[in-house]
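Peer 1: To get the working numbering, take the position in the sequence shown, counting from 1, and add 92. Supplied in structure tokens, the structure appears directly below.
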Amino acid sequence: MNSKELFLKHLAPTSEQPVLLEVDSAKGSIITDINGKNYYDLIAGIGVVSVGHNNEVVNQAITTQLQKHAHVMVYGEYIQAVVNELALKLANLLPESLSTSYFVNSGTEAIEGAIKLAKRITGRYKIVAFEKGYHGNTQGSMSVSGNHQKKRPFRPLIPGVSFIRFNNIDDLSLITEEVAGVIIEPIQGDAGVIVPSQEFMTALRERCILTGAQLIFDEVQTGIGRTGKMFAFEHFGVTPDILTIAKGLGGGLPIGAFISSYDNMQLLASNPMLGHITTFGGNPVCCAAAVGVLNIVTANSFIHDIEEKGRLFEQLLQHKEVKSIRRKGLMLAIELENEEKVNHCKELALKEGVIIYWFLSTRNCFRISPPLTISEEEISISCELLLRVFKKL
Ligand SMILES: Cc1ncc(COP(=O)(O)O)c(C=O)c1O
């Protein structure tokens with residue numbers, strides 16, 4: 093059995109057309125396959141490897157921690173220096189009302205924790221979410237995601253969830269005093285990178301204060317620099333009650349967090365005690381990687397450069413095949429005529445040595461979410477290759 097046959101027989105699939113790139117190694121913005129062919133990675137494992145593949149600072153942090161200890165206890169029991177260090181670093185980057193982190197293993201788990209916390213804070217159970225939002229694939233996060241067709245085979249999901257239109261101020265009146273939490277991506281990712289208006293975000297914040305509904309910002313994708321700010325909420329000057337992060341936090345290792353105030357977080361410890369528990373959450377090796385990531389992202393002009401790199405992509409990808417480009421920082425949606433063109437483009441790009449990828453729900457666009465460390469030269473070359481692809485469409 094060759095490696096492709098083994099993959100297809102012994103690994104459960106997620107789709108009928110996996111990319112099947114056979115990876116040998118990866119460094120910076122480049123993935124190398126087993127035949128020695130290099131690919132410009134414009135996806136970064138979907139916004140995960142923000143500081144580039146095989147980053148030396150992250151590798152060193154992981155190695156140093158591994159030499160001390162890996163897993164020693166379930167989340168929340170032992171004091172581990174590196175876990176403390178990560179919690180403090182995040183607290184220092186966030187407002188006082190977001191001072192306390194609960195570390196988990198993925199984005200979807202962070203969402204589950206955030207929903208549970210909103211219920212505990214308010215004593216209510218209803219959740220308001222947004223059309224076309226994406227929050228993950230476990231039962232709770234799927235319940236608040238907006239792709240109704242994908243949810244159908246898994247119903248019934250959690251009760252009390254209703255959907256309103258993103259960026260629509262009128263719909264905010266549907267957030268009432270019965271609502272525990274309102275969950276939103278401050279910039280919608282899977283919907284094809286949709287940036288809401290300042291008026292909408294301000295009105296949303298005000299409505300949640302008025303009704304007592306907890307405002308949950310899902311920054312699993314937008315957090316840790318992706319949009320040109322450390323957190324996307326900074327673009328709007330609007331602070332959530334609960335924040336979730338994951339993807340880019342661990343530099344390629346699995347870690348997420350849901351974050352709120354000190355007082356809010358105490359609610360999970362009693363009545364009942366162990367209100368949220370996880371074996372692997374806050375794994376010290378993953379926390380060490382995340383400390384390494386935050387050291388890189390907060391240094392010098394790292395965050396500042398992200399918007400300029402995004403703009404360069406936007407400038408260089410102008411072509412008649414491209415119907416529109418929506419973008420914030422290095423989170424881009426490139427709209428083509430239809431889904432067929434997107435699929436064709438993705439395949440041709442791979443042949444040219446460029447990795448792009450589709451969105452789950454927005455099928456006439458492809459995404460670009462490269463390592464934030466990508467150089468201007470790498471952007472220029474990969475865009476030249478993509479223009480070559482557009483000509484063949
Ligand atoms: C905004 C958002 N929330 C949550 C998730 C779920 O994260 P994970 O796949 O780590 O469970 C994703 C993943 O793409 C996401 O983009």
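Every residue, glycine too, gets a C-beta built ideally from N, C-alpha and C. Everything numeric in this text was worked out from a predicted model, so none of it was measured.
Look up Lys208 in the DSSP assignment and say whether it is helix, strand or coil.
Peer 2: Residue mapping note: residue 208 aligns to position 116 of the sequence shown, counting from 1. Looking at Lys208 - three-state DSSP - the assignment turns out to be helix.
Peer 1: Less than 7 angstroms between the CB of Glu97 and some heavy atom of ligand 1, yes or no?
Peer 2: Counting from 1 along the sequence shown, the entry for residue 97 is found at position 5. Glu97: no, Cβ never under 7 angstroms from ligand 1.
Peer 1: Taking only runs that begin and end inside the segment 382 to 445, name each unbroken beta strand (DSSP E) of 3 or more residues, in chain order.
Peer 2: With a minimum length of 3 residues, the continuous beta strand (DSSP E) runs that stay inside the segment 382 to 445 are 416 to 420 and 423 to 427.
Peer 1: Look up Gly273 in the DSSP assignment and say whether it is helix, strand or coil.
Peer 2: Looking up residue 273 in the sequence shown gives position 181. Gly273: strand per DSSP, three-state reduction.
Peer 1: Is there a Cβ from chain C that is less than 8 angstroms from the Cβ of Tyr194?
Peer 2: Annotation note: the requested chain C is absent from the structure, which comprises a single protein chain.
Peer 1: Please state the DSSP three-state secondary structure of Pro333.
Peer 2: By 1-based counting over the sequence shown, the position of residue 333 is 241. The sequence shown places Asp at residue 333, not Pro. Correct three-state label for Asp333: coil.
Peer 1: Just confirm the distance between the C-beta atoms of Thr319 and His327, as a whole number of angstroms; I'd bet it's less than 8 angstroms.
Peer 2: The count along the sequence shown starts at 1 and reaches residue 319 at position 227. The count along the sequence shown starts at 1 and reaches residue 327 at position 235. Right, their Cβ atoms sit about 7 angstroms apart.
Peer 1: Taking 8 angstroms as the threshold (C-beta atoms), are Leu345 and Arg212 in contact?
Peer 2: Position 120 of the sequence shown, counting from 1, holds the residue named residue 212. Position 253 of the sequence shown, counting from 1, holds the residue named residue 345. Going by C-beta atoms, Arg212 is not nearer than 8 angstroms to Leu345.
Peer 1: Apply the 10 Å Cβ neighbour rule to Pro332 and answer buried if 16 or more other Cβ atoms are within range, or exposed otherwise.
Peer 2: Residue mapping note: residue 332 aligns to position 240 of the sequence shown, counting from 1. The residue in question, Pro332, is buried, as its Cβ has 16 or more Cβ neighbours within 10 Å.
Peer 1: Pair every Cβ in the segment 301 to 311 with every Cβ in the segment 275 to 293, then say whether three or more of these pairs are closer than 8 angstroms.
Peer 2: Result yes; three or more Cβ-Cβ pairs closer than 8 angstroms.
Peer 1: Ligand 1 heavy atoms versus the CB of Gly228: any closer than 7 angstroms?
Peer 2: To locate residue 228, count along the sequence shown from 1; it is residue 136. At least one heavy atom of ligand 1 is nearer than 7 angstroms to the Cβ of Gly228, so yes.
Peer 1: Check whether the Cβ of Ile250 lies closer than 7 angstroms to any heavy atom of ligand 1, and answer yes or no.
Peer 2: Taking the first residue of the sequence shown as position 1, residue 250 is located at position 158. False, no ligand heavy atom lies under 7 angstroms from that Cβ.
Peer 1: Count the other CB atoms within 10 Å of the CB of Leu341; is the residue buried (16 or more) or exposed (fewer)?
Peer 2: Residue numbering aside, residue 341 sits at position 249 when the sequence shown is read from its first letter. Looking at its Cβ environment, which holds 16 or more other Cβ atoms inside 10 Å, Leu341 is buried.
Peer 1: Taking the C-alpha atoms as reference points, what is the distance between Leu182 and Leu307?
Peer 2: The sequence position of residue 182 within the sequence shown is 90, counting from 1. The sequence position of residue 307 within the sequence shown is 215, counting from 1. Cα to Cα, Leu182 sits roughly 19 angstroms from Leu307.
Peer 1: Exposed or buried, which one is Gln157 when buried takes at least 16 other CB atoms within 10 Å?
Peer 2: Counted from its first residue, the sequence shown places residue 157 at position 65. Under this definition Gln157 is a buried residue.
Peer 1: How big is the Cα-Cα spacing for Ala425 and Glu432?
Peer 2: Start at 1 with the first residue of the sequence shown, and residue 425 comes out as number 333. Start at 1 with the first residue of the sequence shown, and residue 432 comes out as number 340. Taking the straight line from one Cα to the other gives about 16 angstroms.
Peer 1: Cβ of Cys437 within 8 angstroms of Cβ of Val481?
Peer 2: On the sequence shown, position 345 is the one that residue 437 refers to. On the sequence shown, position 389 is the one that residue 481 refers to. Taking 8 angstroms as the Cβ cut-off, Cys437 and Val481 qualify as a contacting pair.
Peer 1: Runs of 4 residues minimum, wholly inside the segment 196 to 270: which ones carry the alpha helix (DSSP H) assignment?
Peer 2: For the segment 196 to 270, whole alpha helix (DSSP H) runs of length 4 or above, ordered along the chain, are 199 to 214, 231 to 235 and 240 to 243.
Peer 1: Below 8 angstroms on the Cβ atoms is my guess for Leu404 versus Ile417; work out the distance and round it to an integer in Å.
Peer 2: Locating residue 404 in the sequence shown gives position 312, where the first residue counts as 1. Locating residue 417 in the sequence shown gives position 325, where the first residue counts as 1. Actually they do not touch by this definition, with Cβ atoms about 12 angstroms apart.
Peer 1: Rounded to whole angstroms, what is the Cα-Cα separation between Glu291 and Leu266?
Peer 2: As a first step, residue 291 is located in the sequence shown; it is residue number 199 there, counting from the start. As a first step, residue 266 is located in the sequence shown; it is residue number 174 there, counting from the start. Cα to Cα, the separation comes out at about 17 angstroms.
Peer 1: Taking the DSSP output, what are the residues bridged to Asn130?
Peer 2: Your numbering for residue 130 matches position 38 in the sequence shown. DSSP output for Asn130 lists Thr124 as bridge partner(s).
Peer 1: Helix, strand or coil: which one does DSSP assign to Gly348?
Peer 2: One-based indexing of the sequence shown puts residue 348 at position 256. Reduced to three states, the DSSP call for Gly348 is strand.
Peer 1: What does a CB cutoff of less than 7 angstroms around Ser235 pick up in its chain, not counting 5 residues either side in sequence?
Peer 2: The sequence position of residue 235 within the sequence shown is 143, counting from 1. Excluding positions up to five away in sequence, the list reads Leu249, Ile250 and Val253.
Peer 1: Using only alpha-carbon positions, find the residue among Glu413, Phe246, Cys457 and Asn184 that is nearest to Arg419.
Peer 2: Taking the first residue of the sequence shown as position 1, residue 419 is located at position 327. Nearest of Glu413, Phe246, Cys457 and Asn184 to Arg419, Cα basis: Cys457.
Peer 1: Could you please give the first and the last residue of the uninterrupted alpha helix (DSSP H) stretch that includes Val481?
Peer 2: The count along the sequence shown starts at 1 and reaches residue 481 at position 389. Glu468 to Lys484 is the extent of the alpha helix (DSSP H) around Val481.
Peer 1: Closest to Ala380 by C-alpha separation, out of Gly199, Ser362, Asn176 and Ser95, would be which residue?
Peer 2: The residue you call residue 380 lines up with position 288 of the sequence shown. It is Asn176.
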